[in-house]
Amino acid sequence: MMYPFMTLDDETEIVHSEMKEDGKVKVYIEKPDEKFGFRHATCWLPGYEWKDIYEFSTEDIERFDEIIKSTAHLILEFSQEGGFQGASNF
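Start counting the sequence shown at 0; every next residue gets the next number (numbering that gives the first Met the number 0).
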């Protein structure tokens, strides 16, 4: 299951999975694009391992990497609590 985490001002969506048995969490980023449908990339925590990057520039990934690194503690916590809503009891 994927949980919503953050929507950036340019319509980029960041979602994350539950924590897997091996302690990893999938962070998936996608942005609507008229030419490509959706640009997307996957970052696996806790190692910040980027995979499956489609039509994002190096600069885009560097920006996303900064965002994920600054919020990884929240993503890892939420991944064990059923996302933000589960962690906040909404």
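Each residue gets a CB set at the ideal place from its N, CA and C atoms; glycine is no exception.
In this text, all values refer to a predicted model and were calculated from it rather than measured experimentally.
- Shortest Cα-Cα distance from Phe55 to any of Lys34, His72, Leu73 and Pro45 involves Lys34.
- The three-state reading of DSSP puts Asp51 in strand, counting E and B together.
- Exposure of Phe37 is indicated by the presence of fewer than 16 other C-beta atoms within 10 angstroms of its C-beta.
- In the structure shown, the three-state DSSP call for Phe35 is coil.
- If you draw a straight line from the Cα of Glu65 to the Cα of Gln79, it is about 22 Å long.
- If you draw a straight line from the Cα of Thr70 to the Cα of Lys19, it comes to about 18 Å.
- The beta carbon of Gly22 sits closer than 8 Å to the beta carbons of Pro45 from its chain, once the five residues preceding and following it are set aside; these are given in chain order.
- When secondary structure is reduced to three states using DSSP, Ser69 falls in the helix class.
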